Amino acid sequence: MEKQALLYTLYFKAEDRFLNPSAASGYEPDIIIEYIQSGLNLASYYCRYSSAANPLLQELFLRRVFFLLIEAINHQKHSRLFRRICADHLYCPMMALKKFYGYSADGHKRFLSLQRNLLRIHNNSDL
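Numbered according to my numbering, the sequence shown spans residues -6 to 120.
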């Protein structure tokens, strides 16, 4: 239980820093990477091989990181550098989701939906 509480604390602190559009200039890579890593760590706590296996929570945190990165890319109040670093690191949660969805037909459809969403964002962004 102590490990779970620590993971949640680290995740929500990192998320608060990530969502703050007036993040300290010069620390953008640290803020983004810390957020992504804390989200992946929390999701891995719920992976199917752990004692706390819960695929719904695992998918929830992976998708939350993925979609908050996409929102940050589209958020004009963030600096261009912040948005660019988010775009460059979007592959981390995306590959984790690909692994999570595995080879099932339903999982493949869900992953393709994420890819289409990402292509749409890429075509509409100015990065």
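We put the CB at the ideal spot given by N, CA and C, even for glycine. Predicted, not measured: the structure shown is a model, and the values here were computed from it.
Within the continuous alpha helix (DSSP H) that includes residue i, where are the two ends?
i           : result
residue 35  : 21 to 38
residue 113 : 98 to 117
residue 56  : 48 to 67
residue 45  : From DSSP, residue 45 is part of no alpha helix (DSSP H); its letter is neither H nor E.
residue 87  : 84 to 94
residue 70  : No alpha helix (DSSP H) contains residue 70, which DSSP labels as neither H nor E.
Below 8 Å on the Cβ atoms is my contact criterion, and I expect residue i with residue j to pass it. Report the Cβ-Cβ distance as a whole number of Å.
i           : j          : result
residue 55  : residue 36 : 5 Å
residue 82  : residue 25 : 6 Å
residue 0   : residue 38 : 6 Å
residue 59  : residue 33 : Rounded, the Cβ-Cβ distance is 11 Å, inconsistent with contact.
residue 114 : residue 66 : 6 Å
Drop a sphere of 10 angstroms on the beta-carbon of residue i, count the other beta-carbons inside from all chains shown, and report buried for 16 or more, exposed for fewer.
i           : result
residue 28  : buried
residue 31  : buried
residue 4   : buried
residue 108 : exposed
residue 21  : buried
residue -3  : exposed
residue 48  : exposed
residue 7   : buried
So, for residue i: in the same chain, excluding its five sequence neighbours on each side, which residues have a beta-carbon less than 8 Å away from its beta-carbon?
i          : result
residue 94 : 100, 101, 103 and 104
Is the shortest distance between the beta-carbon of residue i and the beta-carbons of chain B less than 8 Å?
i          : result
residue 38 : In summary, chain B is missing from the structure at hand, where a single protein chain is found.
Whose C-beta lies closer than 6 Å to the C-beta of residue i among residues of the same chain, with five residues either side of it excluded?
i          : result
residue 50 : 39
residue 10 : 24
residue 63 : 114
Starting from the C-beta of residue i, find all residues in its chain whose C-beta is less than 7 Å away, skip the five residues before and the five after it, and write them out in chain order.
i          : result
residue 15 : none
Specify whether the region 64 to 77 and the region 94 to 113 touch according to this definition: at least 3 beta carbon pairs, one from each stretch, less than 8 Å apart.
No, the region 64 to 77 is not in contact with the region 94 to 113.
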